[in-house]
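K.L.:
Protein chains in written order, with my numbering: chain D, 110 to 626; chain A, 110 to 626.
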């Protein structure tokens, strides 16, 4: 039998250069980064919101191979300041009104730090029971705040054994892909794999483009991706009648309706599809209905928005991005399903190397079977910290304050007759543009009316963004280019909205004056 | 025109309760978490390595809905200590030898903190140029360290326009799925979509089980997922002759060979598939070859392991998990491809809302088109911090020190004739078991020989893990159950290996004595 040979000298000899997780060095350097980031937030308004660098800027200033020898953190942080920060588009800036927000928060950051610090790989229950159990608990908390029907929640007993429940994934794209695959497999078990090519996925022309990609990845024929047009009269929401017609037409042609994605808060205009009639159609034809509430789902913790969820009990799955408008740093997509077995049947793996008693007794959830990847981070911590650090009341107030700021911005636009609202505001995003009448009267028209108006508004956006004072993006719906002003960055206050409006007006003035000369 | 109405009182009124990103509060709380985690690392050896809680433990002690009012960080951290830490399996413990390591480091943590702090959503170049550019730079750095052929690297000019290059994804599962979809689409463009059902994906019986899941998600018929058996004589590496036979057989049956995953460092035994002959076969038959080096890829920065990459120039894609054995916290999978256009053709989306000049001029990379999801974190920061903080020389030394500790452990086993090595060690993982001869001679046999030996070794693993002193997991290959001892946790030193060996011996002694009574 071998003698025990504990040899601290050998350790010293090997590790005299670096111990990559030395607690005191971790402490020293950790404090430095906290200060660095606190200073960053303090100074964030000094930076151009949208980065003004040119393509390839970084390659010119960074060496083309990794250093052989260690460099000091102090030096690295200098480089972050000098080389990286100018290349960052500052999503945390109070003057960021582009896309949808990526609403960071101290609590979300702290939760992520804990998760990164523990650095567990929570693929199954035993690999870190707390990671799985806290996730099931907070996703139930969230479901209750939204007033989601019980059929989407864990029941509290026999959690591992099917029924409703939720999971934290990275992004909505993943949630879409997982639910399409679950629906696909469920349907092919009924109709046979030879009918794969007949499966049809439905969307509106306002559904997020990721659905198309998810369907494509899952092998759905691109000819069977059905995009149903919406209209201005319906405020760009999916019309149930049009859906029914499309389905009936597909059935007539021998296709098999599989999946519909309904949206609460579309990307272009934050439109809301009417869940109740859509879900009833879904039920009638045996279609899996996924509700994508990536952006606006968070607002549904406020009672005044919960009417949008009316009818959701007939949907099959529901998701929202807590990293958009719920103060949880990227990434954190909450997905609830009514039939978790449909999901796990599609995504389960049971390799020998992960066998353990708890899983075999079916007493626990192994979240690897609820998502694409095996490895998974302890995301529940950040959601837990956000919910506890702020509390439901404050979270509702924060969301409401963003909505109120958007209302306020809408009011500012209404007072300036040169501008018009493109679609009625629903949440905290305002869609507007300079009115065609102003442009046509003041600007010489080289192109057709509509094209000229669009080009002028695009020029305005470009001019504003180049100033670095704020960042906003655009949408084009039904041929009309409009400006999206999305409020939700955690540092944005009324004064930023007011200043932003002044900047928009100034740039509009300059452009209009220029054009009328 | 609306008058400018800057109204700080309104701000104060709304935000008197909470500003979720107040810099001073961020600073105060950030320091608290750094100290909390530094203390955690300091005390990590006090906790049972594998969590000893029972299923459902957390539900019993956590309220079943979110609090209405804010709670103090101090209270939350008390709960983390009391409720969460006992439910954590401590992957960062120096006594963690299970699965493969999840090697955290201070530099990886700091990089992640910066990424979380900036909280940018880097889907395309303009959304944060530094996120894209730093990613292209560090993945080239890493490729050079591995001595990957130039065809896998960005050339430095015309980066957005195809050719080789790399991307940071979350996990190997994602990398597998993306490359299968790229290969699938490329093939279907040639042979027509109606032949989808003929596509065959090849693996060995030692390939990671995620490949099967990825192929399934991509719509490959499960009957066309070809698992080629390996043998002990080949040290469980995939035999090129067997691959060729399988391919020829499929072609004879009218199938279309599509994709092979070769592995450098399999999960069960860290076997290495012979790249050169496998890739030559791949080339001959037009098969996409992906090389999964999730675990052992990191070791290939050491010259002594680079021979395993011989022949990789004929592969199509190559991936490794920097979060496994490269001191970057979860998640961080590096994927290199030779033909990035094959990838982006399969995964591109070009929605109006993301249109911008840089993308349209094709001057930049939009990494959303290199992965499943739209949203993406600024993962390059952590890899950059790891590479700069430690330097290539130290990183090689750290990997080598793990390999040397594994050699040392192997030596300890060799001195105890009751144990045997199951397969020759290649990297820093040792596969061993108690010898059949000892078990058969000392233990009354109720079952067949092999089953008895397996059960006894399984009992040993269970007994060791229940002690909480260390955590290790098992494998079963060719019907033989063996113990996997994977070294790579960042805090593990020689003394931990020595103590672990003593614990293993003690538990073996107890079980053998018990059984022989």
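For glycine and all other residues, C-beta sits at the position ideal for the given N, C-alpha and C.
Values in this document were obtained by computation on a predicted structure and should not be read as measured data.
Is the segment 213-227 of chain A touching the segment 611-622 of chain A, taking contact as three or more C-beta pairs under 8 Å?
P.N.:
Segments in contact, no.
K.L.:
Would you call the segment 208-216 of chain A and the segment 243-261 of chain A in contact, with 3 or more CB pairs under 8 Å?
P.N.:
Contact between the segment 208-216 of chain A and the segment 243-261 of chain A is absent, because fewer than three Cβ pairs lie under 8 Å.
K.L.:
Considering only the alpha carbon of each residue, which of 305/D, 563/D, 169/D lies closest to residue 328/D?
P.N.:
Residue 305/D is the option with its Cα nearest to residue 328/D.
K.L.:
Comparing the C-beta of residue 623/D with each C-beta of chain A, is any distance below 7 Å?
P.N.:
By this cut-off, residue 623/D is not an interface position.
K.L.:
In chain A, which residues lie with their C-beta within 7 Å of the C-beta of residue 233/D?
P.N.:
Going along chain A, no residue has its Cβ under 7 Å from residue 233/D, so there is no contact; the nearest lies around 10 Å.
K.L.:
Taking 7 Å as the cut-off, decide whether the C-beta atoms of residue 443/D and residue 280/D are in contact.
P.N.:
No.
K.L.:
Can you tell me where the alpha helix (DSSP H) holding residue 499/D begins and where it ends?
P.N.:
Residues 489-524.
K.L.:
Pairs of beta-carbons, one from the segment 348-357 of chain D and one from the segment 566-578 of chain D, closer than 8 Å: are there three or more?
P.N.:
No: the two stretches stay apart, fewer than three of their Cβ pairs being nearer than 8 Å.
K.L.:
Taking the straight line between their C-alpha atoms, what separation do you get for residue 402/A and residue 362/A?
P.N.:
Cα-Cα distance, rounded: 32 Å.
K.L.:
At least one CB of chain A closer than 7 Å to the CB of residue 600/D: is that the case?
P.N.:
For residue 600/D, the answer is yes, since a Cβ of chain A falls inside 7 Å of its Cβ.
K.L.:
In the structure shown, what three-state DSSP assignment does residue 529/D receive?
P.N.:
Strand at residue 529/D.
K.L.:
When DSSP labels each residue in this structure, what does residue 453/D get in the three-state scheme?
P.N.:
In the structure shown, residue 453/D sits in a helix (DSSP, three-state: H, G or I).
K.L.:
Which runs of the beta strand (DSSP E), 3 residues or longer, sit entirely within the segment 382-464 of chain A?
P.N.:
Within the segment 382-464 of chain A, the complete beta strand (DSSP E) runs of at least 3 residues are 397-401, 426-430, 442-446.
K.L.:
Give the residues of chain A in contact with residue 499/D, contact being defined as C-beta atoms less than 8 Å apart.
P.N.:
Under the 8 Å cutoff, chain A gives 127, 129, 179.
K.L.:
Tell me whether residue 540/A sits in a helix, a strand or coil according to DSSP, three-state version.
P.N.:
Three-state DSSP puts residue 540/A in a strand.
K.L.:
Rounded to whole angstroms, what's the CA-CA distance from residue 147/A to residue 204/A? Just pull it up for me.
P.N.:
Whole-angstrom Cα-Cα distance: 18 Å.
K.L.:
Would you call the segment 188-206 of chain D in contact with the segment 579-590 of chain D, where contact means no fewer than 3 C-beta pairs closer than 8 Å?
P.N.:
With a cut-off of 8 Å, the segment 579-590 of chain D and the segment 188-206 of chain D count as touching, because enough Cβ pairs lie within range.
K.L.:
Please confirm whether residue 177/D and residue 500/A have their CB atoms less than 7 Å apart.
P.N.:
Their beta carbons are under 7 Å apart, which means residue 177/D touches residue 500/A by this criterion.
K.L.:
For residue 331/D, which three-state DSSP category applies?
P.N.:
Reduced to three states, the DSSP call for residue 331/D is helix.
K.L.:
Closer than 7 Å by beta-carbon distance: list the chain D residues that pair up with residue 531/A, in chain order.
P.N.:
Going along chain D, no residue has its Cβ under 7 Å from residue 531/A, so there is no contact; the nearest lies around 14 Å.
K.L.:
Are residue 319/A and residue 346/A closer than 7 Å when you measure CB to CB?
P.N.:
No; because the gap between Cβ atoms is not below 7 Å, this pair is not in contact.
K.L.:
Which whole-angstrom value is the C-beta distance of residue 358/A and residue 391/A, which I expect to be below 8 Å?
P.N.:
Residue 358/A to residue 391/A, Cβ: 16 Å. No contact.
K.L.:
Would the segment 485-494 of chain A and the segment 287-300 of chain A be scored as touching if the rule is three or more Cβ pairs under 8 Å?
P.N.:
No: fewer than three Cβ pairs fall under 8 Å.
K.L.:
Reducing DSSP to helix, strand and coil, say where residue 114/D ends up.
P.N.:
Model confidence at residue 114/D stands at a pLDDT of 47, short of 50, so the residue's coordinates are unreliable and nothing is read from them.
K.L.:
Ignoring anything shorter than 4 residues, give me the alpha helix (DSSP H) runs that lie fully in the segment 199-240 of chain A, in order along the chain.
P.N.:
DSSP runs (the alpha helix (DSSP H)) wholly in the segment 199-240 of chain A: 215-227.
K.L.:
Please return the same chain residues whose Cβ sits closer than 6 Å to the Cβ of residue 610/D, not counting the five positions on each side in sequence.
P.N.:
Correct list, in chain order: 521.
K.L.:
With which residues is residue 312/A paired in a DSSP beta bridge?
P.N.:
Answer is 336/A.
K.L.:
So with Cβ pairs under 7 Å, would you call residue 162/A a contact of chain D?
P.N.:
Output row for residue 162/A: interface = yes.
K.L.:
Closer than 7 Å between beta carbons: that is the criterion. Which residues of the segment 473-494 of chain D meet it against chain A?
P.N.:
If the cut-off is 7 Å between Cβ atoms, the segment 473-494 of chain D has 473, 481, 482, 483, 484, 486, 494 near chain A.
K.L.:
Roughly how many whole angstroms lie between the Cα atoms of residue 546/A and residue 590/A?
P.N.:
Cα to Cα, the separation comes out at about 15 Å.
K.L.:
Counting contacts by CB-CB distance shorter than 7 Å, is residue 218/D in contact with chain A?
P.N.:
Interface residue, yes.
K.L.:
Since I believe residue 406/A is in contact with residue 373/A (beta carbons under 8 Å), could you give me their beta-carbon distance rounded to a whole number of angstroms?
P.N.:
So it is a contact: roughly 6 Å between Cβ atoms.
K.L.:
So, for residue 627/D: in the same chain, excluding its five sequence neighbours on each side, which residues have a beta-carbon less than 7 Å away from its beta-carbon?
P.N.:
No answer is possible for residue 627/D: the residues shown for chain D start at 110 and end at 626.
K.L.:
Taking Cβ positions only, does residue 541/D come closer than 7 Å to chain A?
P.N.:
So no, residue 541/D is outside the interface.
K.L.:
State the beta-bridge partners of residue 287/A as determined by DSSP.
P.N.:
In the DSSP output, where bridge partners are listed per residue, residue 287/A has none listed.
K.L.:
Can you tell me which of the three DSSP states residue 473/D falls into?
P.N.:
DSSP places residue 473/D in coil when its eight states are reduced to three.
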